[in-house]
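Data first, discussion second: the structure below is written as structure tokens.
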Amino acid sequence: MSFLILYKYYFWISCVIILLNMSACKNKAEPPVHQPTAYELTIPFGFPTILNIPDDNPFTVEGIRLGRYLFYDGRLSGRTHPDSLMSCSSCHIQANNFEAGIDHPVFAGGFVHGLNGQQTHHVVLPLVNLVWNRSGYGWNGFLYPQNDKPDYRNLEDFVRLAVIAEDEMAGDTTRVKELFQEIEGYPELFFNAFGSNTITFLNIQRAIAQFIRTFVSANSRFDSFLRGELQLTQSELNGYVLFTTEEGADCFHCHGGGGNPLFTTHLFYNNGKDTLFSDPFDRFAVTGDPMHKGAYKAPTLRNVALSGPYMHDGRFATLDDVINYYSHDVKLSPQIDPLMHHVLKGGVQLTPQEKADLKAFILSLQDNEFLNNPEFSHPGKMPDE
Amino acid sequence: MIIRHILPAAVLILLIMGGCKNQGDHSSNGGHIVMQLKHTIDNQDIDFDELIYTNQAGNQYMVTEIQWFLSDLTLHRSKGESIKITGNSGCFYVDTDLQGSLIIAPAEIIPAGTYTGISFTFGINEQKNISGLFVNPPESFMFWPEYLGGGYHYMKLNGKWINPEGQTEPFNFHLGIGQEYAEDTGKAAVQQFGESRQYDHCEGYQPPQKLNTVAGFIQNYFSVEFNDLNFTITDGSTQSFELEMKVDNWFKSPHVYDHNQWGGSIMQQQEAMQQGCENGRNVFVIRPLQ
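Quick note, the sequences are listed as chains B and G, same order. For the first sequence, counting from 1, position 196 maps to 182 in this note's numbering; every step adds exactly one. For the second sequence, counting from 1, position 16 maps to 35 in this note's numbering; every step adds exactly one.
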């Protein structure tokens, strides 16, 4: 009986099967709707091979391209009035090692403030080689991968915090994403990068973080020296040996050297600047360990001559001030890091000639190719121009 | 009938049997070892950053962190046969601040059988201890400056002690390649520091007034041997050990190491590093765990 029914409707069943097959074939023939191009970072000589790239935000050519526009677009503040524009590049200037710089035309002495005039808690850190930072972002490392708070873990989160912080853009993420949704050209860029014309703030964060992670500085005179391409001057060589010896300037345990060409450990140290600690944003604020009071990140020394003012609070204006401090003015406290073992002499006691040699070496870490790399510069025209 | 029912069933049975056989093959190669690292002072787990310990010289001290390399881990059998762990460059980084580093679990399969001993190198031997061996942190942060011999620290043991003036003074008990200095030995300055281009700057280098001229290098790493063990590795088993570093012994015997004598930094004091490394022969204890 059932066989007879099937036979009766044979024609119609066949038609349905054919249509289904045709539909399936049509789907197979369609090109992928969203196919971003994977971007592979070239690892410089001697640099770490393990990168800090979140699984949910891999490098893509399209993501980096979008991030570059957003990094330089003052409308990231969520506003369009010329007096209310602020972008990442307002404080992170390429020519100044992606810091504000002591000669900043708006932020006197390199002390930055937000759109409402409120000064930031700490001075700006450089955006250099951050793709290798796996130990926490910010002077106290409050953004770190193992953080229990899932939105306080990585560079992406720093973008969001910069937009909403009262001492920075004092913005609103909803307003920002809605504003960019209306700007001609951006929805298409977001589609190319993330597969959707609908702009989300998460994708804004992701794109900017991707762009920042491409900021690689690895072609200073010192890098050429490590690659065997040139010899440093006698003064630079003297400075290098001082830099990397305990009885010299003793910089290397925290600030690297030939074996750690990042010139930072990205770790946190109390380097003896003070004896009393009241900053609510030191490392202690993150770990709760009283021994971490007054401890801050050791920043990279790449391009450091352009990174003033120095220390978390910008207390030193020049590199000479910093060298003098480590030579003669280090202070003992219960919290001082054991690596500061010269503290009872006040520091490493460099002579004027040794200071000059040390400075000469540190200046050899300046990477002019990085500071002028057109791939990191303002894109020229914004998507709607 | 045969094709539709018996053949698929036979294939299925063969696949299952094959799977079982593979598992059996895997375990028949042997087992594994795991070492759990422990750092003690006066036989107790260390209270870090607590100024509560007194060493043999009478220095009151505390320890902040210990970072060190264990390498050339080798298992020995009765007839002189030995199995060396070669994975991970044969080097294992241990850091009291990194819980994951306190368990050494080599991936290598250890042949089944009875073993009589374990040995390892404290630090890294001169064949491997070359600048550039590690590019990734935290191992790369252990680099030993080229001018002082290059390669990597064997150990960073950081802390503080109370000096005769009653001040809490930092110390860096850092062990690695030592130096001979021209001023002390009358030897000529080192002209050939090493194969790595990173040494280039040292050749013919004229030290500024604070530094002496390096005339030679001294390898301070040493072998730690436990020859009185008796344990068996069976197929698919894991034999665990507890490896204890008795930190107080670094300062105890045969040399009474006095922080007041050597001060806060010893990377350029070969005599201090030599005393430390000679004391190091009495630092480690190993116990098989069930």
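Backbone N, C-alpha and C define an ideal beta-carbon position, used for all residues, glycine too.
Measure the alpha-carbon distance for residue i versus residue j and round it to whole angstroms.
i, j, result
"B/A10", "B/V162", "In this predicted model, B/A10 has a pLDDT of only 48, less than 50, meaning its place in the structure is not dependable enough to derive any value."
"G/G185", "G/K147", "42 Å"
"B/F263", "B/H252", "21 Å"
"B/P324", "B/H239", "11 Å"
"G/N268", "G/N301", "6 Å"
"G/S150", "B/P40", "30 Å"
"G/P273", "G/W180", "21 Å"
"B/R301", "G/I52", "53 Å"
"G/S159", "B/D69", "47 Å"
"G/Q211", "G/A234", "For G/Q211, the pLDDT reaches just 49, beneath the cut-off of 50, and the residue's location in the model is therefore unreliable, leaving the point undetermined."
"G/L89", "G/G255", "25 Å"
"B/D370", "B/G53", "15 Å"
"G/K57", "G/F303", "10 Å"
"G/T187", "B/S76", "44 Å"
"B/T273", "B/T261", "20 Å"
"B/T66", "B/F267", "32 Å"
"B/N246", "G/T133", "43 Å"
"G/G78", "G/E69", "Note that residue 78 of chain G is Asn in the sequence shown, not Gly. Distance between the alpha carbons of G/N78 and G/E69: 14 Å."
"G/Y240", "G/G178", "22 Å"
"B/Y58", "B/T28", "24 Å"
"B/M8", "B/E26", "Low per-residue confidence applies at B/M8: pLDDT is 49, beneath 50, and the placement is therefore not dependable, though the value from the model is reported in the following sentence. Distance between the alpha carbons of B/M8 and B/E26: 39 Å."
"G/T135", "G/T253", "14 Å"
"B/G124", "B/L111", "7 Å"
"G/E214", "G/Y200", "Because G/E214 carries a pLDDT of 47, less than 50, the predicted location of this residue cannot be relied on, and the following value inherits that uncertainty. Roughly 21 Å separates the two Cα atoms."
"G/P164", "G/Y171", "8 Å"
"B/P276", "G/I85", "19 Å"
"G/P125", "G/D116", "20 Å"
"B/S378", "G/L262", "Here chain B has residues from -13 to 371 only, and residue 378 of chain B is not among them."
"G/T140", "G/N182", "33 Å"
Any beta-carbon of chain B closer than 8 Å to the one on residue i?
i, result
"G/E188", "yes"
"G/Y240", "no"
"G/E160", "What sits at residue 160 of chain G in the sequence shown is Phe, not Glu. Cβ-Cβ to chain B under 8 Å: yes for G/F160."
"G/D68", "yes"
"G/L230", "yes"
"G/S256", "no"
"G/G151", "yes"
"G/N191", "yes"
"G/N41", "Only weak support is given to the placement of G/N41: the predicted model assigns it a pLDDT of 39, under 50, and the value that follows is read from those uncertain coordinates. G/N41 does not count as touching chain B."
Give the residues of chain B in contact with residue i, contact being defined as C-beta atoms less than 7 Å apart.
i, result
"G/N177", "P324 and L325"
"G/Y166", "V227, T230 and T231"
For a contact defined as C-beta to C-beta under 8 Å, what are the partners of residue i on chain B?
i, result
"G/A250", "Correcting the residue type first, residue 250 of chain G is Phe in the shown sequence and not Ala. Ordered by position in chain B, no residue passes the 8 Å Cβ test against G/F250, which lies about 35 Å from the chain."
"G/V154", "G32, F33, P34 and T35"
Output yes if chain A places a C-beta closer than 8 Å to the C-beta of residue i; else output no.
i, result
"G/T83", "The chain labelled as chain A is not found among the protein chains of the depicted structure, namely B and G."
Counting only Cβ pairs nearer than 7 Å, list the residues of chain G close to residue i.
i, result
"B/T159", "Those within 7 Å of B/T159 in chain G number zero; the least Cβ separation is about 33 Å."
"B/L147", "Result: empty, since nearest Cβ-Cβ is about 25 Å, beyond 7 Å."
"B/M277", "D68"
Examine chain G for any beta-carbon lying closer than 8 Å to the beta-carbon of residue i, and answer yes or no.
i, result
"B/N133", "no"
"B/V329", "yes"
"B/L349", "no"
"B/Q352", "no"
Just the chain G side, please: which residues come within less than 8 Å of residue i by C-beta, in chain order?
i, result
"B/T251", "P156 and F160"
"B/N246", "P156, S159, F160 and F162"
Can you find a heavy atom of the ligand SAM that lies under 7 Å from the Cβ of residue i?
i, result
"G/E100", "Looking at this structure, you won't find the ligand SAM or any other ligand, since it has none at all."
When Cβ atoms are compared, which residues of the region 24 to 58 of chain B fall closer than 9 Å to chain G?
I29, G32, F33, P34, T35 and I36
Cβ-based contacts, 7 Å cut-off: residues of the region 222 to 244 of chain B near chain G
L223, N224, Y226, V227, L228, T230, T231, E232, E233, G234, F238, G243 and G244
Sequence ranges, beta strand (DSSP E) only - wholly within the region 121 to 197 of chain B, length at least 3
none
Along the chain, which unbroken stretches of the alpha helix (DSSP H) at least 4 residues long are found entirely within the region 186 to 253 of chain B?
187 to 199, 207 to 212, 220 to 229 and 238 to 241
Output needed in chain order: residues of the region 266 to 288 of chain G with a Cβ under 7 Å from some Cβ in chain B.
G283, S284, M286 and Q287
If you measure beta-carbon to beta-carbon, which residues of the region 293 to 322 of chain B are closer than 8 Å to chain G?
L318, P320 and I322
Could I get the ranges of all uninterrupted alpha helix (DSSP H) runs contained in the region 283 to 315 of chain B, with 4 residues as the minimum, in chain order?
305 to 314
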